[in-house]
Amino acid sequence: MLASMRDAPRCHIHLEEISKLYCETCDNLSVCMACTYGEHKGHNLHEVKALAKLKREELTSKLKELEEIEKGTNLMTPRQAKEKLILNVGIEREKAINMHDEEDQKIVKEMQNIEERRQQVKEEKQTTEKKVCDSLQREMENKILEIKLKYQEILMVKKSEIGAAFQERESSLKKELNKLLEKRKRFNRDKTAVLDVIKKQLNENVKIIETMSEHFDNITKRFEALNEMASSILASGNDWSAVQCIPDMCTAATNLMKDLKADFPDLTTFTGVSVNYKQYSFGKRNVTKISEQVKKTITLQNRFKYVGGMTSSGDGNIVISGCTSDLEASFIIVVDMDGRILKEKKLKTGEDCPIQHCKFISQHKVATVCTPNEIGLYDVRDGSYIKKNISDVFRSWPKERHVTCVATDPVNNHILVGGNNSRNVYVFNDRLNYLRILTLPEMIKWPRDITVSGGHLLVCDYDGKKCFVTTMDGMEGRLVGELMKPNLAWNSPKPISVCSDRNGFMYVLWQNFTQHSYRCYLVQYNHDGSQVLTTRKLEGSAEVVTLVETFQREKLLVATYDTQTVYLYDLLKED
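Numbering-wise (the numbering used here), the sequence shown opens with residue 69 and increments by one.
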């Protein structure tokens with residue numbers, strides 16, 4: 069194309085004349101000086117060299133801007149992402165194997181110690197028997213025949229007593245050995261499960277990366293083609309080439325810049341795998357139980373009327389959110405373990421009773437949602453707050469829908485938001501950028517509260533009166549299990565709040581409202597929800613349960629909805 073434009077064209081009317089002008093009025097026709105007094109008189113005419121210089125400058129500016137944008141994006145290529153994923157998977161797999169092998173070696177060593185102790189017991193038994201026999205033998209020799217029959221009787225009695233005593237010790241050691249053998253079997257099963265989880269995440273991430281390869285290749289080819297064409301035009305020095313080609317190339321450059329600025333997923337999200345070792349036997353999970361009595365009671369000031377959310381601040385303090393007593397604003401406060409207010413902030417006004425919910429996401433950062441559809445991030449250090457409306461992201465957000473809960477996935481730095489009358493859970497990253505929608509299984513009506521535990525999502529289905537465990541990867545959540553409904557003294561309890569401790573045990577608030585009064589129970593479950601471990605009857609309208617980690621141990625906190633009270637329980641270790 070460039071070769072055909074190297075010679076200056078002839079005037080489109082006076083073919084024998086070389087064109088020296090360019091008629092913008094007539095769609096870029098080439099004209100000679102004679103035409104300026106004839107057919108093109110009064111038109112918008114430009115001298116070709118001046119205009120070509122202007123267009124070259126415009127293209128050079130566009131190319132410079134495009135190169136800066138391309139350098140600024142600094143995207144990881146699919147190949148780099150895949151290589152990093154494979155490297156991280158290898159590291160994680162080696163970590164899982166090393167953890168298993170370390171614990172296995174401890175068990176083998178302990179088994180060897182028990183075997184040595186068993187042998188020692190046998191030797192002690194033999195030594196004791198010999199001592200008794202020798203003693204009796206000497207006694208028999210002194211009394212000779214007179215005590216022979218009595219000797220035989222005493223000998224049998226003593227042997228029987230010795231045998232019974234050592235049999236009890238032998239039996240005890242055998243039980244310990246059997247327990248260790250069972251523990252080792254669990255370790256091996258969990259090792260297989262961990263490696264399966266790693267393999268599954270590897271396959272899923274590779275599939276996502278390969279799906280995105282075509283998009284990255286297309287962007288790269290367009291950029292290379294545009295850069296090559298622009299360089300050729302700029303290097304040719306041909307004015308007509310510059311005038312006729314540069315406008316189209318500038319348009320192509322603008323479109324490419326828009327595509328480069330587009331918010332497509334960051335591939336670094338898919339370059340690693342996460343394994344929650346706490347839910348496996350060699351992850352050193354300790355059994356915990358709720359203290360019998362309330363350890364401490366924290367009373368809030370009257371202006372904080374309704375508590376909607378409660379979480380840890382990441383430094384041993386408590387973050388509480390809700391609605392003010394005048395029902396006109398939402399609030400968020402930071403208090404210490406004695407109830408002293410360290411920070412206080414009004415977050416939203418102008419809505420009818422704007423309830424605020426919150427969950428800890430990272431060091432000093434708390435994710436919040438507020439009715440009807442606000443999502444935000446609160447910094448407990450300086451009280452700063454950033455926010456956006458979910459309805460601005462989803463134009464189809466129904467007016468009658470409002471947010472009901474928020475959960476955080478600290479492993480992936482994700483924020484999950486649930487709402488009323490919908491099975492959709494909206495997933496954002498820790499910069500409040502939308503990622504995807506997770507649709508809960510059909511048996512769930514809508515989430516009253518959610519929390520992330522062991523790579524799964526715990527869901528309180530208030531209207532369905534059940535609590536479920538689902539997967540949380542991909543677009544469709546799959547049912548993992550249902551928490552056992554507690555055997556309470558009243559019918560139809562509803563789950564309103566859920567949390568889990570660092571050992572994988574789950575805690576659910578079950579509530580019923582009859583005859584103008586609340587009845588609430590706090591129920592502790594094992595790591596898969598199949599067994600009720602502890603049940604505690606609570607006073608008042610308990611609304612929120614959460615865990616706060618202090619320097620000593622985890623604390624279980626229960627907040628009432630309308631009495632401005634927080635009850636604190638210790639979590640005690642069991643042998």
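Glycine is no exception: its CB is placed at the ideal position from the N, C-alpha and C atoms.
Segment limits, beta strand (DSSP E) that includes residue i
| i | result |
| --- | --- |
| Gln424 | Gln424 to Ser430 |
| Val434 | Lys433 to Cys438 |
| Tyr90 | Leu89 to Cys91 |
| Ser565 | Lys562 to Ser568 |
| Lys150 | Where Lys150 is concerned, there is no enclosing beta strand (DSSP E), although the alpha helix (DSSP H) it sits in stretches over Pro146 to Lys211. |
| Met378 | Phe372 to Ser380 |
| Ser389 | Ile386 to Thr392 |
| Phe581 | Met574 to Thr582 |
| Lys534 | Lys534 to Thr538 |
| Asn457 | Tyr453 to Asn457 |
| Lys553 | Neither: Lys553 is in no beta strand (DSSP E) and is coded neither H nor E. |
| Gln592 | Ser585 to Tyr593 |
| Asn497 | Asn492 to Asn497 |
| Thr104 | Thr104 -> no beta strand (DSSP E), and no H or E assigned at all. |
| His66 | A question about residue 66 goes unanswered here, because the residues of the chain that appear run from 69 up to 643. |
| Gly487 | His482 to Gly487 |
| Leu445 | Glu442 to Asp447 |
Closest residue to residue i among the options (Cα-Cα distance)
| i | options | result |
| --- | --- | --- |
| Lys88 | Met101, Met552, Glu396 and Gly545 | Met101 |
| Ser228 | Glu197, Ser240 and Leu119 | Glu197 |
| Glu278 | Ile401, Ser203, Thr618 and Lys150 | Lys150 |
| Thr614 | Val262, Asp517 and His470 | Asp517 |
| Cys94 | Gln312, His108 and Lys456 | His108 |
| Ser490 | Arg499, Pro478, Asp477 and Cys473 | Cys473 |
| Lys163 | Arg78, Leu263 and Gln194 | Leu263 |
| Asn273 | Asp541, Gly376, Glu611 and Asp258 | Asp541 |
| Asp531 | Gly522, Pro561, Glu544 and Glu550 | Pro561 |
| Pro440 | Asp406, Gly486, Arg449 and Gly407 | Gly486 |
| Gly522 | Ile182, Asn571, Leu503 and Phe496 | Asn571 |
| Cys318 | Ser299, Glu207 and Lys275 | Ser299 |
| Arg290 | Ser380, Cys201 and Glu138 | Glu138 |
| Glu544 | Glu115, Ile512 and Leu83 | Ile512 |
| Arg252 | Ile81, Gln194 and Glu170 | Glu170 |
| Val548 | His168, Tyr575, Lys623 and Pro509 | Pro509 |
| His595 | Asp327, Asp307 and Val576 | Val576 |
| Cys535 | Lys605, Met574, Leu217 and Glu238 | Met574 |
| Asn323 | Lys152, Asn210, Leu131 and His82 | Leu131 |
| His470 | Glu442, Val311, Met297 and Ala627 | Glu442 |
| Gly231 | Asn210, Ile212, Tyr219 and Thr195 | Thr195 |
Proximity of residue i and residue j at Cβ, strictly below 8 angstroms
| i | j | result |
| --- | --- | --- |
| Val616 | Ile386 | yes |
| Met280 | Pro466 | no |
| Ser430 | Asn481 | yes |
| Ala397 | Lys414 | yes |
| Ile454 | Cys438 | no |
| Leu636 | Lys411 | no |
| Leu294 | Thr128 | no |
| Ile505 | Asn492 | yes |
| Ala475 | Thr538 | no |
| Gly597 | Leu525 | no |
| Thr582 | Gly608 | no |
| Leu248 | Ile159 | no |
| Phe234 | Lys193 | yes |
| Val434 | Thr392 | no |
| Leu601 | Lys357 | yes |
| Val402 | Ile266 | no |
| His80 | Leu97 | yes |
| Lys216 | Met208 | yes |
| Val189 | Glu238 | yes |
| Glu125 | Asn112 | no |
Cβ distance (whole Å) where residue i is taken to contact residue j below 8 angstroms
| i | j | result |
| --- | --- | --- |
| Cys528 | Pro563 | 4 angstroms |
| His425 | Ser464 | With 8 angstroms as the limit, His425 and Ser464 do not qualify as a contact, their Cβ atoms being about 23 angstroms apart. |
| Thr618 | Gly384 | 5 angstroms |
| Trp578 | Cys588 | 7 angstroms |
| Val612 | Ser565 | 5 angstroms |
| Leu640 | Lys623 | So it is not a contact: roughly 11 angstroms between Cβ atoms. |
| Ile287 | Asp327 | 6 angstroms |
| Ala321 | Leu503 | So it is not a contact: roughly 30 angstroms between Cβ atoms. |
| His432 | Arg408 | Rounded, the Cβ-Cβ distance is 19 angstroms, inconsistent with contact. |
Check: residue i C-beta below 7 angstroms from any heavy atom of the ligand MG
| i | result |
| --- | --- |
| Ser430 | The model on display carries no ligand, and the ligand MG is accordingly not part of it. |
Limits of the unbroken alpha helix (DSSP H) element including residue i
| i | result |
| --- | --- |
| Ser23 | In this structure the chain extends from 69 to 643, so residue 23 is not present and cannot be described. |
| Lys513 | Neither: Lys513 is in no alpha helix (DSSP H) and is coded neither H nor E. |
| Asn256 | Lys216 to Ser304 |
Original post:
Three or more C-beta pairs closer than 8 angstroms, one from the segment 153-167 and one from the segment 250-270: is that the case here?
Top reply: yes
**OP:** Decide if the segment 116-130 is in contact with the segment 234-247; the criterion is three or more beta carbon pairs, one per stretch, under 8 angstroms apart.
**Re:** no
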